[in-house]
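Every letter in the sequence shown is one number past the one before it in the numbering used here, and letter 267, counting from 1, is 250. From the three backbone atoms N, C-alpha and C, an ideal C-beta is built for every residue, glycine too. One structure is given below, encoded as structure tokens.
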Amino acid sequence: MGTAGPALIGLATIPFRSSFGLAGGLFFMMLVVTAVAVAGGLRPALAGVVSSVLAGAFFLAPPDNSLRVSRLGDGLALIAFAVVGAAVVLMVNELARLGEQQWTSRRVEAALRRVATLVALGPPADELFAAVTEEVGQLLPVDFAIMGRYESDGTVTCVAVWGAPVNRFPVGSRSRVEGKNLVTIVHETGRPARVDSFEHSSGTIGVAGRASGFRSTVGTPIVVEGRLWGVMTVGSTRLRPPLPQSTEVRLAQFTELAATAVANAESRAEIAASRARIVTAADDTRRRIERDLHDGAQQRLVSLGLQLRAAEADVPPALTGLQGELSSVADGLAILQDELREFARGIHPAILAEGGVGPALKTLARRCTLPVELDLQAHERMPERIEVATYYVVSEALTNAAKHAQASVVRVELRSDGGILRLRVRDDGTGGADPARGSGLVGLKDRVESVGGTITVNSQAGAGTSLDVELPLGA
Ligand SMILES: Nc1ncnc2c1ncn2[C@@H]1O[C@H](COP(=O)(O)OP(=O)(O)OP(=O)(O)O)[C@@H](O)[C@H]1O
Ligand SMILES: [Mg+2]
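If you want it as structure tokens, here you go:
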């Protein structure tokens, strides 16, 4: 089209040579050259300029049908056309390049924004890795993108794949980091790397890459808080020019976001683990205190009580006053013993370990000073941490209802479905519960979240208080 267009116009204008003239012909040819520059690019358009000049000289400038130009004005017109035509072509080309650049950077920005938004939401790690890898794959001129995590045992785990090699590198598969290939180079240097041919690559990954038809590939490290965490690789399987130089920079923008997400997830996991440790340690301490009270102080009180009863029996009948006093001390000791037993039970409910949540919640309901309606639809035994969490939520909620709510009744509902235990404790009292004003509700949040659950407190003033808890029954 580039060369043919102006030549055709030259031919088409032959019948109108005299009325059309050289200037008219060149004008039309300039329009065609501009259209070629927009649609076909630099080279065809420049070829169009050259062929326009030749066609103008041959068909439109006297003497006809010869490349010679006899009039000075025609010669100048042709030179002017060549200069202006070339300038127009170069300008159109530059504009197109700028437009292309702007379009690409807008796409990159949009993709980075999507990933950053996702990172801020803190989704499950596998979801985020898949999203980042897909964005990278769709943005760059590549056929595949693979995200890998370096393990401490000298392997790399594939955590996300986009594009062609899904079969050969499935998510979750592990390969040894060895031999000569992109993944090993990034592991050894901790820097971006590129491999433009897999012909001489070796190691499990190199061999699999060659078998997958990898050609031009680029990999960038994923560095989490100064430590090499993994690698993002992209590449093409088709014969085409090597990946552009900008690939490393683009890839690094995405791996930085992935690294932020990994760091966030790791610190969240650390907080959850330390919370769980604190809650477990507190439970262990409670259990030990309960055992110590049971085996130590309570036994001692029992034997003191027996000694006192024996002494009471030995008092001569004449000393009735002393006998009465001993008797009331022994009675007081028995009451103290009961109180201590109740106290020890409250510290760590032995009944929970023996009978599970059902009997334990019934005991709590019986002890509560308010009427309690129990609707228990979960009868099987559950993991101990879940039973303990359930017990403490109900215990605190009943105590709060009795202490703060001026409620007339409290309803406790418990049901398990689809691996989730759902607990609701609702009172019809004053409402307006505020975790910031005490330690009980905050402690429940710590306990529930430490076992992977959630707790919501709904407590509008005047509308009662409802505690909704969900606890995962799985691992
Ligand atoms: N069921 C309820 N009805 C009305 N107000 C409540 C209820 N539960 C809690 N509150 C209000 O919310 C505050 C916080 O409750 P929270 O259980 O955290 O602390 P607390 O009961 O005051 O003290 P503790 O640390 O001994 O539990 C309470 O002080 C109370 O004012
Ligand atoms: Mg409380």
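Per-residue DSSP class, three states only, for residue i
i: Ser286; result: helix
i: Ala143; result: strand
i: Gly131; result: strand
i: Thr437; result: strand
i: Ser449; result: strand
i: Asp411; result: coil
i: Val52; result: coil
i: Val377; result: helix
i: Gly421; result: coil
i: Gly218; result: strand
i: Met(-16); result: Here the model assigns Met(-16) a pLDDT of 49, short of 50, so the residue's position is not dependable and the matter cannot be decided.
i: Val206; result: strand
i: Asp400; result: strand
i: Pro300; result: coil
i: Glu370; result: helix
i: Leu226; result: coil
i: Leu456; result: coil
i: His387; result: helix
i: Ala44; result: coil
i: Gln306; result: helix
i: Gln443; result: coil
i: Glu182; result: coil
i: Asp126; result: coil
i: Arg430; result: helix
i: Arg151; result: coil
i: Ala416; result: coil
Limits of the unbroken alpha helix (DSSP H) element including residue i
i: Val35; result: With the sequence shown as reference, residue 35 is identified as Ser, and Val is not the correct amino acid for it. Note, Ser35: alpha helix (DSSP H), 25 to 38.
i: Met74; result: 55 to 104
i: Ala194; result: 186 to 194
i: Glu118; result: 108 to 122
i: Gly466; result: As displayed, the chain neither begins before -16 nor continues past 458, which places residue 466 out of reach and without an answer.
i: Glu171; result: 165 to 172
i: Lys345; result: 340 to 350
Residues near residue i in its chain [Cβ-Cβ closer than 6 angstroms; skip 5 each side]
i: Arg394; result: Glu356, Arg409
i: Ala348; result: Val355, Leu357
i: Val142; result: Phe112, Met130, Arg132
i: Glu396; result: Asp358, Arg407
i: Glu161; result: Gly186
i: Glu453; result: Ile403, Arg405, Gly436, Thr437
i: Ala259; result: Ser433
i: Ile188; result: Ser158, Asn164, Val166
i: Thr439; result: Asp451
i: Ala244; result: Val102, Leu111
Contact set for residue i: own chain, Cβ-Cβ below 8 angstroms, skip 5 residues either direction
i: Arg174; result: Pro204
i: Leu240; result: Leu95, Val98, Ala99, Val102, Val115
i: Gly4; result: Leu43
i: Tyr374; result: Pro332, Leu335, Val340, Ala343, Leu344, Leu347
Boundaries of the beta strand (DSSP E) in which residue i is found, first to last residue
i: Val245; result: Counting along the chain, Val245 falls outside any beta strand (DSSP E), though it belongs to the alpha helix (DSSP H) covering 230 to 275.
i: Arg364; result: Neither: Arg364 is in no beta strand (DSSP E) and is coded neither H nor E.
i: Ala176; result: 176 to 178
Neighbourhood of residue i by C-beta distance below 7 angstroms, restricted to the same chain and skipping five residues each side
i: Ala108; result: Ala248
i: Ile168; result: Ala176
i: Met(-16); result: For Met(-16), the predicted model reports a pLDDT of 49, less than 50, meaning its position is unreliable; a value from the coordinates is still stated below. Correct list, in chain order: Val19, Gly23, Pro27.
i: Leu291; result: Leu309, Val312, Ala313, Leu316
Cross-strand partners of residue i (DSSP beta bridge)
i: Val395; result: Leu357, Val408
i: Ser158; result: Val139
i: Val201; result: Arg177, Val217
i: Leu211; result: Val206
Counting pairs of Cβ atoms below 8 angstroms between the stretch 252 to 263 and the stretch 277 to 293, do you hit three or more? no
Cβ contact (3+ pairs, closer than 8 angstroms) linking the stretch 366 to 385 and the stretch 420 to 427: yes
State whether the stretch 399 to 408 contacts the stretch 348 to 368, with contact taken as three or more CB pairs (one from each stretch) at a distance under 8 angstroms. Look at the beta carbons and you see the stretch 399 to 408 touching the stretch 348 to 368: at least three pairs across the two are nearer than 8 angstroms.
I want to know whether the stretch 126 to 134 touches the stretch 208 to 220 - three or more CB-CB distances under 8 angstroms. yes
Report yes or no: do the stretch 75 to 94 and the stretch 176 to 183 share at least 3 C-beta pairs separated by less than 8 angstroms? no
Is it true that the stretch 2 to 11 meets the stretch 56 to 70, where meeting means three or more beta-carbon pairs spaced less than 8 angstroms apart? Touching, yes, given that three or more Cβ pairs across the two stretches are closer than 8 angstroms.
With contact counted as at least three CB pairs below 8 angstroms, one residue from each stretch, are the stretch 38 to 46 and the stretch 69 to 88 in contact? no
Could you tell me whether the stretch 15 to 32 touches the stretch 66 to 75, using the rule of 3 or more Cβ pairs below 8 angstroms? Contact between the stretch 15 to 32 and the stretch 66 to 75 is present: three or more C-beta pairs spanning the two stretches fall below 8 angstroms.
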